[in-house]
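Take a look at the structure set out below.
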Amino acid sequence: MINLENSNFFLPTKQFRELSILLVIMHNSGLSQKSIAQQTDLSGAMVNGYIKNLTSRDLVRVQSRNQRDKEYFLTENGKETLMSSLMHCSAEIVALYSQSRHEVLYRFKNFFDGTSIHKVVIYGAANTAHLVCSVLEEFRNIVISAIVDNDNKRWGKLIGNYVIQPAHMLDELDFDCVVISSFARQNEIYNSLKYLEQEGITLVQLTSLEFYANGKGN
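Counting with this note's numbering, you get residues 37 to 254 for the letters of the sequence shown.
This is how it looks when you write it as structure tokens:
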């Protein structure tokens, strides 16, 4: 299921709502319209209207189980439309990811623009860390020493070729720069790491790419 409920940047279009309904029906044909509405975050009236439209286009077939309950099935046309919509949706997401990645790469190039080797720890192993790791791997003068996180549920999991380590292991690692990839706790993490500045470690806050301690890299 593709959920935009927690998104601050994307508003569901008509095509996205249709895709959401088709996905829900594909996974569970026995759901009521009320349940479909709950899973797609749409009103019951809106779901009813979409299902009528999908039925008229031979994408969804409605079958009565009794006087009250109905089942919804994807027709062959519906399955083809669902797959086509998924591919188009995926293509747009990949394009947006690529553009975002390019912008992040550009920001880092303004910082790591020299030839000196930097040993970097990525602090924060949520989804953003995947992007940061991918970008930093493109720099020949950057060695990713580790990816660390405070959440023990993430320890031992992989991001790329790196095993996520406990944040308390930080003092045992060899590095000269920390990239704080966490959005939600960036200030909290920065404040907890300020002592590293006295040791000549550069702290980079990803959201603003503000640079501390040693200033701009070389």
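Here a beta-carbon is modelled for each residue, glycine too, at the ideal position from N, C-alpha and C. Since the model is a prediction, treat every value here as computed from it, not as a measurement.
Buried or exposed (CB count within 10 angstroms, at least 16 for buried), residue i
i           : result
residue 294 : Absent from the model: residue 294. The displayed extent of the chain is 37 to 254, so no value can be given.
residue 196 : exposed
residue 187 : exposed
residue 220 : exposed
residue 71  : exposed
residue 201 : buried
residue 114 : buried
residue 224 : exposed
residue 127 : exposed
residue 87  : buried
residue 85  : exposed
residue 204 : exposed
residue 242 : buried
residue 63  : exposed
residue 149 : exposed
residue 61  : buried
Contact belief for residue i with residue j at Cβ below 8 angstroms, rounded distance in angstroms
i           : j           : result
residue 173 : residue 141 : Contact flag wrong, Cβ pair sits at about 11 angstroms.
residue 179 : residue 216 : That pair is no contact at about 18 angstroms.
residue 111 : residue 97  : 5 angstroms
residue 209 : residue 181 : 5 angstroms
residue 218 : residue 162 : 6 angstroms
Rounded separation between residue i and residue j - CA only
i           : j           : result
residue 109 : residue 77  : 20 angstroms
residue 207 : residue 45  : 37 angstroms
residue 66  : residue 83  : 15 angstroms
residue 75  : residue 171 : 35 angstroms
residue 233 : residue 164 : 24 angstroms
residue 138 : residue 166 : 14 angstroms
residue 54  : residue 81  : 14 angstroms
residue 156 : residue 212 : 6 angstroms
residue 125 : residue 92  : 23 angstroms
residue 100 : residue 38  : 28 angstroms
residue 222 : residue 57  : 37 angstroms
residue 133 : residue 47  : 17 angstroms
residue 193 : residue 105 : 44 angstroms
residue 248 : residue 146 : Note that residue 248 scores a pLDDT of 45, beneath 50, so its modelled location is shaky and nothing firm can be said.
residue 169 : residue 144 : 12 angstroms
residue 89  : residue 121 : 16 angstroms
residue 177 : residue 151 : 6 angstroms
Per DSSP, the bridge partner or partners of residue i
i           : result
residue 100 : 106
residue 8   : Nothing can be reported for residue 8: it is not among the residues displayed for the chain, which extend from 37 to 254.
residue 142 : The partner list for residue 142 (beta bridge, DSSP) is empty, contrary to what the question assumes.
residue 213 : 156 and 238
residue 199 : 194
residue 185 : 202
Nearest candidate by alpha-carbon position, reference residue i, set the options
i           : options               : result
residue 119 : 107, 134, 95 and 137  : 95
residue 68  : 59, 89 and 107        : 107
residue 191 : 134, 105, 222 and 159 : 159
residue 123 : 203, 60, 51 and 236   : 51
residue 183 : 102, 214 and 146      : 214
residue 238 : 135, 154 and 189      : 154
Residue i: CB within 7 angstroms of a non-hydrogen atom of the ligand COA
i           : result
residue 128 : This structure lacks the ligand COA; in fact it carries no ligand of any kind.
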